[in-house]
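Enquirer:
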Amino acid sequence: MKATSYQELMAEQARAAVRVSGAHHSSWNGRVGATDPKEKIRGSVSWDHTINYSDRLVAAPLKDMFENARVYNQDADTLRSYREAIKTVHHENTHALAAEGTEHADGKAAYQRLPEKALEEGITEVHSYDNLNEYIDELGLEEIAPGIKSAEARGSYDHYTPAARRFTEGISRETGVETSEVVRRLAVVNPEQKFRAAAEMLYEGSDLPGKVPAQERGAAVQRIETAMKPPMAGLKALGEEPDRNTRRRESARAGDGAFRAGRAEVRALSKEWGQPAPETRVERAVAAEQQAGPQTADSAKQQELPADLATAVHASRSGSEPLTSASRLGEDQMGSRRSGSQSTPERTPEIQR
Amino acid sequence: MDYEQFKVESDKVFAVLGDKDLPVTLADDIARLKDLAATVEDPQDRWDAEGDIVSIEGILQAGEGADEEPWSDAMNQAVQAHARATDDSGTPAERIARARAGITAISRIADTAPANEQAAIVEMNESLLMLAEALEPDAR
Chain A
1 MKATSYQELM
11 AEQARAAVRV
21 SGAHHSSWNG
31 RVGATDPKEK
41 IRGSVSWDHT
51 INYSDRLVAA
61 PLKDMFENAR
71 VYNQDADTLR
81 SYREAIKTVH
91 HENTHALAAE
101 GTEHADGKAA
111 YQRLPEKALE
121 EGITEVHSYD
131 NLNEYIDELG
141 LEEIAPGIKS
151 AEARGSYDHY
161 TPAARRFTEG
171 ISRETGVETS
181 EVVRRLAVVN
191 PEQKFRAAAE
201 MLYEGSDLPG
211 KVPAQERGAA
221 VQRIETAMKP
231 PMAGLKALGE
241 EPDRNTRRRE
251 SARAGDGAFR
261 AGRAEVRALS
271 KEWGQPAPET
281 RVERAVAAEQ
291 QAGPQTADSA
301 KQQELPADLA
311 TAVHASRSGS
321 EPLTSASRLG
331 EDQMGSRRSG
341 SQSTPERTPE
351 IQR
Chain B
1 MDYEQFKVES
11 DKVFAVLGDK
21 DLPVTLADDI
31 ARLKDLAATV
41 EDPQDRWDAE
51 GDIVSIEGIL
61 QAGEGADEEP
71 WSDAMNQAVQ
81 AHARATDDSG
91 TPAERIARAR
101 AGITAISRIA
111 DTAPANEQAA
121 IVEMNESLLM
131 LAEALEPDAR
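As they're listed, the protein sequences go chains A and B. Quick note on numbering: the first sequence equals residues 1 to 353 in full-length UniProt numbering. Quick note on numbering: the second sequence equals residues 1 to 140 in full-length UniProt numbering.
Structure below.
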């Protein structure tokens, strides 16, 4: 639904975030509060699932945007204030996304721990920033504020986003799932579940499903998840790092270390559960040859695998059907998470009140 | 060569990536790792070795992102203030006080920032508030 007033925007904010992300539902309770006017806090999600905005920093520019609807050639500063405000709205609504049977507040304890908090904020910022124009389209805001899609709005959490990006790029290379899809899958679960969702992706993208008995899957995923958290705790030291370039490298190293710790655990589990059958070894070697390219942007390289071969490779490695979401996207699906053509339960948009 | 042998060499490169001044030999070191990776016999091990090189290049690229979108020193200070305010040591009360102090510090820093950086700076206060509220036993 397109928003033509501030009230409609507030009413539609969560449903639009669900449609953009393909999340199961939003935990938003339908209430919009105001942050303390004495503090500079643009927005937040309370643990009772109320979404709060600053009257001055977020609500005012958005109300102004609707009052000046369809005015062309607005100055750059004005358009920036609109885009920054809607970016805050998308960020908060991304926090509120949750998987079936769970809520955002289920991650309250996890949010108190640095690895989980850093991944929550890093992934939330990357997803909401990278998909901001899609969110604007969902709400029809380019028609309200012509030029908002190309206005400036700078990214935040510069000490967490390199970690989140490197973490998801590593998982992408290992699983063949596009990086943006890895980010999406982590964005649609609460803070407590993000590392687990990553561990499940690594597990399913490996040869473990063909080796580990079904009843042992949970314990194996748990081991991968546990292994990934300590490297992300390296972000703690960043408070003392004054050089931005170094800090971004340290952040990326923490995220990459988390991914590689998960990968190492997958390898250890694979050894523990024995060697694959001889014919599987041959096919895995072929797969590795196919996927190994120059040491550059590897995830793009993987996409060059023909779809049927990629499917066969996955099946041979895992002994199971590939994840639906790990399949190659058609051109019409690129960059879009709309629910229209999707059939998996996770992609059924729903606002749970 | 197997992956464990390769890893001894790649770990040396990973170790210097957090240094402010990267070694002048880094490009040569990475080129050498690529040569070594090509000699890893087992396809799975070679895949992992090549993945380590992708990781190293990705980490370096993350640092270069700082040059692509330069910031004022205010943003730099705000990021440091946020990182310190999320330090997870101490009692819940101490952590709440630290997070609240971080909000105050970041707000003050934002006032000194260029207009186009202020929103991104203040945005970080959100997670400090959510942390403080998560630490309060009766927050829900």
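Even for Gly, the Cβ is constructed at its ideal location relative to N, Cα and C.
Cutting at 8 Å between CB atoms, please list the residues of its own chain near residue 362(A), excluding the five before and the five after it.
Expert: Outside the shown range of chain A (1 to 353) lies residue 362(A), about which nothing can therefore be said.
Enquirer: Under a three-way DSSP split, which group does residue 177(A) fall into?
Expert: Coil, per DSSP.
Enquirer: Under 7 Å, Cβ to Cβ, is there at least one residue of chain A near residue 10(B)?
Expert: It does not: the Cβ of residue 10(B) has no partner Cβ on chain A nearer than 7 Å.
Enquirer: Quick check: does the Cβ of residue 248(A) come within less than 6 Å of any heavy atom belonging to the ligand ZN?
Expert: Among the components modelled here there is no ligand, and therefore nothing to report on the ligand ZN.
Enquirer: Please determine, among 43(B), 42(B), 47(B) and 127(B), the residue with the shortest C-alpha to C-alpha distance to residue 82(B).
Expert: Answer by Cα proximity: 127(B).
Enquirer: According to a CB-to-CB cut-off of less than 8 Å, which residues of the stretch 147 to 177 of chain A neighbour chain B?
Expert: Within the stretch 147 to 177 of chain A, the residues whose Cβ lies closer than 8 Å to some Cβ of chain B are 152, 153, 154, 155, 156, 157, 158, 159, 162, 165, 166, 169, 170, 173 and 174, listed in chain order.
Enquirer: Anything in chain B within Cβ reach of residue 242(A), meaning under 8 Å, just list it in chain order.
Expert: In chain order: 76 and 80.
Enquirer: For residue 124(B), which residues in chain A fall below 7 Å Cβ to Cβ?
Expert: What residue 124(B) touches in chain A: 156 and 157.
Enquirer: Any beta carbon of chain B sitting closer than 7 Å to that of residue 217(A)?
Expert: Not closer than 7 Å to any Cβ of chain B, the Cβ of residue 217(A) fails to qualify, so no.
Enquirer: Mapping DSSP to helix, strand and coil, what is residue 261(A)?
Expert: Of the three classes helix, strand and coil, the one that applies to residue 261(A) here is helix, per DSSP.
Enquirer: Would a check of beta-carbon distances place residue 439(A) closer than 7 Å to chain B?
Expert: No answer is possible for residue 439(A): the residues shown for chain A start at 1 and end at 353.
Enquirer: Anything in chain B within Cβ reach of residue 86(A), meaning under 8 Å, just list it in chain order.
Expert: Ordered by position in chain B, no residue passes the 8 Å Cβ test against residue 86(A), which lies about 11 Å from the chain.
Enquirer: Contact between the stretch 253 to 262 of chain A and the stretch 67 to 74 of chain B: three or more CB pairs below 8 Å?
Expert: Contact fails: fewer than three Cβ-Cβ distances are below 8 Å.
Enquirer: Within the 7 Å Cβ cut-off, does residue 248(A) reach chain B?
Expert: Chain B contact via Cβ: present.
Enquirer: Please go through the same chain and pick out, in chain order, the residues whose beta-carbon is closer than 6 Å to the beta-carbon of residue 115(A), but skip the five residues on each side of it.
Expert: Counting only Cβ-Cβ distances below 6 Å, and skipping sequence neighbours, we find 229, 232 and 233.
Enquirer: Do you know whose CA, among 238(A), 149(A), 188(A) and 37(A), lies nearest residue 86(A)'s CA?
Expert: Comparing Cα positions, the closest option is 149(A).
Enquirer: Identify the residues that DSSP records as bridge partners of residue 97(A): which are they?
Expert: Answer is 26(A).
Enquirer: Taking 7 Å as the threshold (C-beta atoms), are residue 16(A) and residue 129(A) in contact?
Expert: No. Outside cutoff.
Enquirer: Tell me, please, whether the stretch 53 to 62 of chain B touches the stretch 164 to 176 of chain A by the rule of three or more beta-carbon pairs shorter than 8 Å.
Expert: The stretch 53 to 62 of chain B is in contact with the stretch 164 to 176 of chain A.
Enquirer: Using a C-beta to C-beta distance shorter than 7 Å, which residues of chain A count as neighbours of residue 59(B)?
Expert: Near residue 59(B) (Cβ distances below 7 Å), the residues of chain A are 166, 249, 252, 253 and 256.
Enquirer: In or out: residue 35(A) buried (at least 16 other Cβ within 10 Å) or exposed?
Expert: With 16 or more Cβ atoms within 10 Å of its Cβ, residue 35(A) is classed as buried.
Enquirer: Give the single residue among 214(A), 266(A), 222(A) and 190(A) whose Cα lies nearest to the Cα of residue 106(A).
Expert: Measuring from the Cα of residue 106(A), the nearest candidate turns out to be 190(A).
Enquirer: Might you give, ordered along the chain, the residues of its own chain that have their beta carbon closer than 7 Å to the beta carbon of residue 50(A), omitting 5 neighbours on each side?
Expert: Closer than 7 Å at Cβ, skipping near neighbours: 29, 31 and 33.
Enquirer: Does the stretch 90 to 97 of chain A touch the stretch 168 to 182 of chain A, meaning 3 or more C-beta pairs lie closer than 8 Å?
Expert: No, they do not touch.
Enquirer: May I ask you to report which of helix, strand or coil DSSP gives residue 153(A)?
Expert: Residue 153(A) falls in the coil class under three-state DSSP.
Enquirer: Output the distance between the C-alpha atoms of residue 178(A) and residue 38(A), rounded to the nearest integer angstrom.
Expert: Spanning the two alpha carbons is a distance of roughly 43 Å.
Enquirer: Pick helix, strand or coil for residue 51(A), following the three-state DSSP scheme.
Expert: Reduced to three states, the DSSP call for residue 51(A) is strand.
Enquirer: Using only CA atoms, which one of 147(A), 246(A), 23(A) and 248(A) lies nearest to residue 104(A)?
Expert: It is 23(A) whose Cα lies nearest to the Cα of residue 104(A).
Enquirer: Where residue 110(A) and residue 35(B) are concerned, what is the direct C-alpha to C-alpha distance, given to the nearest angstrom?
Expert: Approximately 42 Å between the Cα atoms of the pair.
Enquirer: Kindly say whether residue 193(A), judged by its beta-carbon, lies nearer than 7 Å to any beta-carbon of chain B.
Expert: For residue 193(A), the answer is no, since every Cβ of chain B falls outside 7 Å of its Cβ.
Enquirer: Label residue 272(A) either buried or exposed according to how many other C-beta atoms from any shown protein chain fall within 10 Å of its C-beta, with 16 as the threshold for buried.
Expert: Residue 272(A) is exposed by the Cβ-count criterion.
Enquirer: Give me, in chain order, the residues of the same chain whose beta-carbon lies closer than 6 Å to that of residue 78(B); leave out the 5 immediate sequence neighbours on both sides.
Expert: The residues are 106, 109 and 121.
Enquirer: Give the straight-line distance between the Cα atoms of residue 17(B) and residue 120(A), rounded to the nearest whole angstrom.
Expert: Cα to Cα, residue 17(B) sits roughly 24 Å from residue 120(A).
Enquirer: Below 7 Å between beta carbons is the criterion; list the residues of the stretch 106 to 131 of chain A that meet it against any residue of chain B, in chain order.
Expert: If the cut-off is 7 Å between Cβ atoms, the stretch 106 to 131 of chain A has 108, 111, 112, 113, 114, 117 and 121 near chain B.
Enquirer: With distances taken Cα to Cα, identify the nearest neighbour of residue 118(B) among 241(A), 77(A) and 265(A).
Expert: The candidate whose alpha carbon is nearest that of residue 118(B) is 77(A).
Enquirer: Are residue 20(B) and residue 137(A) close, meaning C-beta to C-beta below 7 Å?
Expert: Not in contact: residue 20(B) and residue 137(A) (Cβ atoms no closer than 7 Å).
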